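Taking our numbering, the leading residue of the sequence shown gets 72, the next gets one more, and so forth. Idealized CB from N, CA, C, for every residue including glycine. All values reported here derive from a predicted model rather than from experimental measurement. Report on the structure given below.
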Amino acid sequence: MGRQLKSGRELKGWSQEYAARRLGVSQPYLSMLERDERRVPKQLARKAASLYRLSAAMLPTTLTWDSVLPADEDTLALDLAALGYPGLSYLKPKRKRNPAEILLSALSASNLDSRLTEALPWVLLKFPELDWRWLVAAAKLNDLQNRLGFVTGVARRLAERAGERDTATLLGRQEASLERSRLMREDTLCHDSMTEPERRWLRENRPEEARRWGLLTDMSPEQLSHAA
Numbered sequence: 072m073g074r075q076l077k078s079g080r081e082l083k084g085w086s087q088e089y090a091a092r093r094l095g096v097s098q099p100y101l102s103m104l105e106r107d108e109r110r111v112p113k114q115l116a117r118k119a120a121s122l123y124r125l126s127a128a129m130l131p132t133t134l135t136w137d138s139v140l141p142a143d144e145d146t147l148a149l150d151l152a153a154l155g156y157p158g159l160s161y162l163k164p165k166r167k168r169n170p171a172e173i174l175l176s177a178l179s180a181s182n183l184d185s186r187l188t189e190a191l192p193w194v195l196l197k198f199p200e201l202d203w204r205w206l207v208a209a210a211k212l213n214d215l216q217n218r219l220g221f222v223t224g225v226a227r228r229l230a231e232r233a234g235e236r237d238t239a240t241l242l243g244r245q246e247a248s249l250e251r252s253r254l255m256r257e258d259t260l261c262h263d264s265m266t267e268p269e270r271r272w273l274r275e276n277r278p279e280e281a282r283r284w285g286l287l288t289d290m291s292p293e294q295l296s297h298a299a
């Protein structure tokens with residue numbers, strides 16, 4: 072976070088002295104934070120993210136790896152709206168949360184409305200710079216690497232279609248990393264309540280990428296409204 076504090080301040084063209092006053096801290100303390108000599112307190116990180124207009128990916132996470140709770144659909148919808156997801160722009164946004172945390176909670180859910188599931192690749196497309204080390208470690212700890220790997224692959228192909236080469240490259244690296252820990256088991260993409268006939272149909276008709284990740288889903292870049 073120290074590096075983001077420094078780059079955010081410099082993008083604003085502010086001196087350390089002025090930024091420290093705006094943040095309500097001393098200049099020597101801010102200097103130590105920017106050099107990563109002190110851990111940035113969560114409240115200060117949130118204040119700096121707002122003041123410097125940093126990406127939501129720079130917000131502190133409130134979850135630990137072993138305290139992930141499945142997303143509640145209403146809460147998830149509000150979280151996505153706060154991040155700027157177009158499909159939920161009609162909702163009144165709440166305070167922003169770290170997108171990695173939102174994504175992990177969503178992937179932990181047994182069942183989600185398809186409109187919310189379809190928003191997950193957008194999160195990675197919009198915030199490719201999120202804390203992948205935290206996200207991947209937490210996903211592995213909770214056996215969610217297949218779901219995350221598939222969603223990352225969909226986001227990567229969306230980036231390729233949009234000509235966003237740097238984003239596609241970054242997502243491709245993370246997808247390859249998750250591939251090495253892929254679980255050899257069948258799962259769904261947050262739709263565990265599907266019927267057995269639905270499961271049989273998807274086993275035969277799912278996209279090749281879903282088959283590779285062992286997921287029963289028909290999600291593809293072509294069907295996502297935000298891909299246009």
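CB contact check: residue i to chain C, cutoff 7 Å
| i | result |
| --- | --- |
| D258 | The chain inventory of the structure shown lacks chain C, comprising one protein chain alone. |
Close beta carbons around residue i, own chain, < 8 Å, minus the five adjacent residues each side
| i | result |
| --- | --- |
| A299 | Low per-residue confidence applies at A299: pLDDT is 46, beneath 50, and the placement is therefore not dependable enough to give any value. |
Beta carbon of residue i nearer than 7 Å to that of residue j
| i | j | result |
| --- | --- | --- |
| P170 | F198 | yes |
| L101 | Q87 | yes |
| T146 | E172 | no |
| G84 | L104 | no |
| D263 | N213 | no |
Cutoff 7 Å; reference residue i; Cβ partners in own chain excluding five residues on either side
| i | result |
| --- | --- |
| R93 | L122 |
| S355 | Residue 355 lies beyond the range of the chain shown here (72 to 299); nothing can be said about it. |
| R228 | P292 |
As assigned by DSSP and simplified to three states, the class of residue i
| i | result |
| --- | --- |
| T266 | coil |
| N217 | helix |
| N182 | strand |
| A299 | The predicted model places A299 with a pLDDT of 46, which falls under 50 and marks its position as unreliable; any figure quoted below should be read in that light. Note: A299 maps to coil in three-state DSSP. |
| L130 | coil |
| T259 | strand |
| L287 | strand |
| A210 | helix |
| A230 | helix |
Span of the alpha helix (DSSP H), counted from its first residue to its last, around residue i
| i | result |
| --- | --- |
| E81 | 73-83 |
Close-in-space but distant-in-sequence residues of the same chain around residue i (CB under 6 Å, 5 per side omitted)
| i | result |
| --- | --- |
| T288 | L260, A281 |
| A226 | P192, L195, L196, L242 |
| R283 | none |
| P141 | S179, A180 |
Supposed contact pair residue j and residue i - C-beta distance, whole angstroms, cut 8 Å
| i | j | result |
| --- | --- | --- |
| L149 | L162 | 6 Å |
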